[in-house]
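Asker: Taking my numbering, the leading residue of the sequence shown gets 1043, the next gets one more, and so forth.
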Amino acid sequence: MSRISQEFASRPEVDDSLSLLPLDMAFEPFALPSSEQPRISLVIPVYGKLEYTLACLRSIAANPPTDAFEVIVVDDASPDDSVDTLIRVSGLRVLRNASNLGFVGSCNAGAAAAHGEFLVFLNNDTQVLPGWTEELLRCFELRADCGIAGSQLVYPDGRLQEAGAWVFADASAWNIGRFDSRSDPAVRYARKVDYVSGASLAIRRTVFTELGGFDLRFAPGYYEDTDLAFAARAAGYSVWYVPTSVVVHAEGVSSNGSMDTGMKRFQAINRKKLADKWREALAAQPAVGTALAEVAKARRRGTILVVDVATPDASRDSGSLRLISMMRLLVEDGWHVVFAPDDGRADDGAIRELGRLGIEVIVRPWVDGVPSWLLRFAEDLDAAILSRHMVASQYTSFVRRYAPGAKVIFDTVDLHFLREERAAERAGNASLARQAATTREQELRLIAGADTTFVVSDYERDLLSRLMPSANVDLLSNIHEVYGRTGGHEGRRDLLFVGGFGHPPNADAMNWMASEILPELRRVVPGANILVAGDVPEGNRRLLSDAGLHMLGRVPDLEPLMSSSLASIAPLRFGAGVKGKINMAMSHGLPVIGSTVAVEGMRLENGVDVLVADTADAFAAAYLRLVRDASLWASLSDHAVENVRAHFSAEAARDALRRAIL
């Protein structure tokens, strides 16, 4: 009933955000920037409907893949003058079937003529949006077992047409999200599905050949894409819906006619063929009539709810990078990961980035907060990871009440009370000391009530083992990919500080660098510079810049700075936890000069993995050593990379997550 009501609901005829090309444009020759050595081969079967084909090709010309590509149109003995017109499109390869082979035969013919590593099959009644092929191919890069990836298909009026599809035991199918809003985060995260439509389907050419192409028994068309997906899974591959690849599809144009006549009559015929061919596999599919929510649930290992103060941004702070990595590891282990920002906000870019990784984001207006979500989905919940004491104190009781069987995992991120105690001691501030005592009481109470508590350093784990010996505390530190260094010592002179001013230890460090450390550096090495990458309010930014620091603001890609700086500097005078700025630098093979507080709990040895300094003149002396001693620089660089590989890898984090959840 919901599908019928949505079909007849009032809606705008045009979604201006789609920027569709008109079908009635007069033809003028145009060019496609094709390559003779393509990575991607776009295969478009055509049977008449020239106006749609031209609009499709113009959309490709307007939104071309960034990878080298070729476009192959296979004309299936069209009854109109399609070929005469299409040969006037520069860069287009036009193949012509001697007789009508149908969709299946035409796709196979195009694939046989293709040169690319990847085949992307595309209906001629589609228009592509920016980034559509890049996102399909990224799915293969993110997931080693990906065999087939399919786009989010959208109707020209803006409604969602398909977010992948489920198949039932009788070989009938249901398009996920049909007629829903394509903006709903519930359809904006990547997931494994039973099949994706051949209207926009990507597959490695070698895999397509391995699977035997589209099975000719499904000619001329219908169910060939479903069959290919079943074949892919039987061969050990997975089939993925990719919401960040968006293609507009005028469904039905290329296969018009009633269910009893024309192409559509093959829908029923080929459904029976699929049922016969995959009888054993279909026996494991859900029975007809199974609720769609139950179908989706059966495809998952389980559901993990993750809550943090705000939506993570990997370019903003190390805590965000760690949280995103944790959620990605859970998705890789087969869990359905639902992320909820406590402030209820996530912009479109954040939903897109997390959705690409397979993470569902629940935000207003789609979901009215964590309690509201728990009321609907608590029985599906296997575990809740509550990040920071501010969040855990709000939601632990809700999880215990509505999902008593779910594990409650308190992720401290770092022990806030430890950082606050140190800040109070440094400032000699009684009010801060009282706040630290309150935070200590709150955090220890949460630790006692959690099934597992994560800390990020050995120091914090040892501290809690003394304070709360009966608590289940596990180490889940920062998670970093090991990049290794680019280039050597020659030509490097600048020091790099990464961090935002909103974090008090970073703000203190910036002020210290400006007032004492930089003048001392320039005393021993005239012209020495400190680059600061991170958000800083305009007023503070001006003052720090006037003092000589090079204020870069937030830098989305730190790699160029990592590959050109002499070292990372971390002059932190208070704080807690493992410092992401140090891990990040070391993962790039960039030596670190850090304070005792900065390197605490990171298994770093002074002079071997890092240089430790706690005064301005000590930082200057360490800097001078690195300027003069290329062999010391190289040794620190090598040991830095190995330290990250040994102690801050994804595998160590995965093990901790498995221990907590299972």
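Where is the CB? At the ideal position from N, CA and C, for every residue including glycine.
Remember, it's a predicted structure, so these values are computed and weren't measured experimentally.
1) With 8 Å set as the bound, which would you pick, yes or no: does the beta-carbon of residue 1677 sit closer than that to a beta-carbon of chain C?
2) Suppose the cutoff is 8 Å on Cβ atoms and the five residues either side in sequence are ignored; what does the same chain contact list for residue 1406 look like?
3) Using 8 Å as the threshold, is the C-beta distance between residue 1582 and residue 1539 below it?
4) Does the pairing of the region 1313-1324 with the region 1267-1285 give three or more beta-carbon distances under 8 Å?
5) Go to residue 1242, then tell me how far its beta strand (DSSP E) extends in each direction, as first and last residue.
6) Any idea what DSSP makes of residue 1094, helix, strand or coil?
7) Just checking my contact of residue 1414 with residue 1644 at CB under 8 Å: how many whole Å lie between their CB atoms?
8) Apply the 10 Å Cβ neighbour rule to residue 1359 and answer buried if 16 or more other Cβ atoms are within range, or exposed otherwise.
9) Identify, in the order they occur along the chain, each residue of the same chain with its Cβ nearer than 7 Å to the Cβ of residue 1122, setting aside the five sequence neighbours on each side.
10) Rank 1623, 1314, 1152, 1277 by C-alpha distance to the C-alpha of residue 1264 and give the top, closest one.
11) If the criterion is Cβ atoms closer than 8 Å, does the pair residue 1634 and residue 1610 meet it?
12) Taking the CB atoms as reference points, tell me whether residue 1352 and residue 1461 lie closer together than 8 Å.
13) By Cβ distance below 7 Å, which residues in the same chain neighbour residue 1659 in space, the five residues on each side in sequence not counted?
14) The beta strand (DSSP E) with residue 1648 in it runs from where to where?
15) May I have the straight-line CA-CA distance separating residue 1565 from residue 1398, to the nearest angstrom?
16) From 1555, 1254, 1210, pick the residue whose C-alpha is nearest to that of residue 1588; which is it?
17) Determine the extent of the alpha helix (DSSP H) in which residue 1314 is found, giving its start and end residues.
18) Going by DSSP in three states, residue 1424 sits in which element: helix, strand or coil?
19) According to DSSP, is residue 1282 part of a helix, a strand, or is it coil?
20) Would you decide whether residue 1067 is buried or exposed? Buried here means 16 or more other CB atoms lie within 10 Å of its CB.
21) Just curious, the alpha helix (DSSP H) that residue 1449 is in, first and last residue?
22) Report back the beta-carbon spacing between residue 1699 and residue 1371 to the nearest angstrom; my notes put them in contact at under 8 Å.
23) Please find out if some non-hydrogen atom of the ligand GTP comes closer than 7 Å to the beta-carbon of residue 1592.
24) Given a cut-off of 8 Å on the beta-carbon distance, is the pair residue 1290 and residue 1095 in contact?
25) With a 10 Å radius around its C-beta and 16 neighbouring C-beta atoms as the bar for buried, classify residue 1527 as buried or exposed.
26) For residue 1532, which of 1652, 1601, 1673, 1421 has the nearest alpha-carbon?
27) How close, in whole Å, do the beta carbons of residue 1400 and residue 1379 come, if the pair is a contact with beta carbons under 8 Å?
28) Out of 1572, 1608, 1603, point me to the one whose CA is closest to residue 1593's CA.
29) Does the distance from the CB of residue 1283 to the CB of residue 1205 come in under 8 Å?
30) Answer yes or no: do residue 1576 and residue 1622 have a C-beta to C-beta separation smaller than 8 Å?
31) Under a three-way DSSP split, which group does residue 1291 fall into?
32) By the three-class DSSP mapping on this structure, what secondary structure does residue 1546 have?
33) If you scan the region 1128-1187 from start to end, which runs of the alpha helix (DSSP H) of 4 or more residues do you find wholly inside it?
34) With 16 as the cutoff for other CB atoms within 10 Å, does residue 1111 come out buried or exposed?
35) Given this structure, state the Cα-to-Cα distance separating residue 1072 from residue 1137, to the nearest angstrom.
Answerer: In this structure, then:
1) Chain labels in this structure do not include chain C; a single protein chain is all it has.
2) Along the sequence shown, read from residue 1 onward, the residue named residue 1406 stands at position 364. So the list reads 1386, 1387, once near-sequence residues are dropped.
3) What you label residue 1582 is simply residue 540 of the sequence shown in a count that begins at 1. What you label residue 1539 is simply residue 497 of the sequence shown in a count that begins at 1. No, the pair does not count as a contact, with Cβ atoms beyond the cut-off.
4) yes
5) Locating residue 1242 in the sequence shown gives position 200, where the first residue counts as 1. Note, residue 1242: beta strand (DSSP E), 1242-1246.
6) One-based indexing of the sequence shown puts residue 1094 at position 52. Residue state, collapsed to three classes: helix.
7) As a first step, residue 1414 is located in the sequence shown; it is residue number 372 there, counting from the start. As a first step, residue 1644 is located in the sequence shown; it is residue number 602 there, counting from the start. Residue 1414 to residue 1644, Cβ: 40 Å. No contact.
8) Counted from its first residue, the sequence shown places residue 1359 at position 317. Label assigned to residue 1359: buried.
9) In the sequence shown, residue 1122 corresponds to position 80, counting from 1. Cβ neighbours of residue 1122 beyond the five flanking positions: 1090, 1092.
10) On the sequence shown, residue 1264 is found 222 positions in, with the first residue counted as 1. Nearest C-alpha to residue 1264: 1314.
11) For this step, residue 1634 is matched to residue 592 along the sequence shown. For this step, residue 1610 is matched to residue 568 along the sequence shown. In contact: residue 1634 and residue 1610 (Cβ atoms closer than 8 Å).
12) Here residue 1352 is taken as the residue at index 310 of the sequence shown, counted from 1. Here residue 1461 is taken as the residue at index 419 of the sequence shown, counted from 1. No.
13) Within the sequence shown, numbered from 1, the residue matching residue 1659 stands at position 617. Around residue 1659: 1562.
14) The sequence position of residue 1648 within the sequence shown is 606, counting from 1. Counting along the chain, residue 1648 falls outside any beta strand (DSSP E), and DSSP gives it neither H nor E.
15) By 1-based counting over the sequence shown, the position of residue 1565 is 523. By 1-based counting over the sequence shown, the position of residue 1398 is 356. Between the C-alpha atoms of residue 1565 and residue 1398 there is a straight-line separation of about 49 Å.
16) Translated into positions along the sequence shown, residue 1588 becomes position 546. Looking at the Cα atoms, 1555 is the closest of the given residues.
17) Taking the first residue of the sequence shown as position 1, residue 1314 is located at position 272. Residue 1314 -> alpha helix (DSSP H) spans 1307-1319.
18) Within the sequence shown, residue 1424 is the residue found at index 382, counting from 1. Residue 1424 falls in the strand class under three-state DSSP.
19) Here residue 1282 refers to the residue found at position 240 when the sequence shown is read from its first residue. It is a strand residue.
20) Reading the sequence shown from its first residue, position 25 is the one you call residue 1067. Residue 1067 should be labelled exposed.
21) The count along the sequence shown starts at 1 and reaches residue 1449 at position 407. Where residue 1449 is concerned, there is no enclosing alpha helix (DSSP H), although the beta strand (DSSP E) it sits in stretches over 1449-1453.
22) Residue 1699 sits at position 657 when you count from the first residue of the sequence shown. Residue 1371 sits at position 329 when you count from the first residue of the sequence shown. Taking a contact as a CB-CB distance under 8 Å, the pair residue 1699 and residue 1371 counts as one, their CB atoms being some 6 Å apart.
23) As presented, the structure is devoid of all ligands, the ligand GTP included, so that no description of it is given.
24) Walking along the sequence shown from the start, residue 1290 turns up at place 248. Walking along the sequence shown from the start, residue 1095 turns up at place 53. Pairing residue 1290 with residue 1095 gives a Cβ-Cβ distance that is not under 8 Å.
25) Indexing the sequence shown from 1 puts residue 1527 at position 485. So residue 1527 counts as buried.
26) On the sequence shown, residue 1532 is found 490 positions in, with the first residue counted as 1. Comparing alpha carbon positions, the residue from 1652, 1601, 1673, 1421 closest to residue 1532 is 1673.
27) Indexing the sequence shown from 1 puts residue 1400 at position 358. Indexing the sequence shown from 1 puts residue 1379 at position 337. That belief holds up - the Cβ atoms of residue 1400 and residue 1379 are roughly 7 Å apart, short of 8 Å.
28) Residue mapping note: residue 1593 aligns to position 551 of the sequence shown, counting from 1. Checking every option, the nearest Cα to that of residue 1593 belongs to 1572.
29) Mapped onto the sequence shown, residue 1283 falls at position 241. Mapped onto the sequence shown, residue 1205 falls at position 163. For residue 1283 and residue 1205, yes; Cβs fall inside 8 Å.
30) For this step, residue 1576 is matched to residue 534 along the sequence shown. For this step, residue 1622 is matched to residue 580 along the sequence shown. No, they are not a contact pair.
31) One-based indexing of the sequence shown puts residue 1291 at position 249. In this structure, residue 1291 counts as strand in the three-state DSSP scheme.
32) One-based indexing of the sequence shown puts residue 1546 at position 504. Reduced to three states, the DSSP call for residue 1546 is helix.
33) Taking 4 residues as the minimum length, the alpha helix (DSSP H) runs contained wholly in the region 1128-1187 are 1144-1155, 1174-1184, in order along the chain.
34) What you label residue 1111 is simply residue 69 of the sequence shown in a count that begins at 1. By the neighbour-count rule (16 or more Cβ atoms within 10 Å), residue 1111 is buried.
35) The residue given as residue 1072 occupies position 30 in the sequence shown. The residue given as residue 1137 occupies position 95 in the sequence shown. Answer to the nearest angstrom: the Cα atoms are 18 Å apart.
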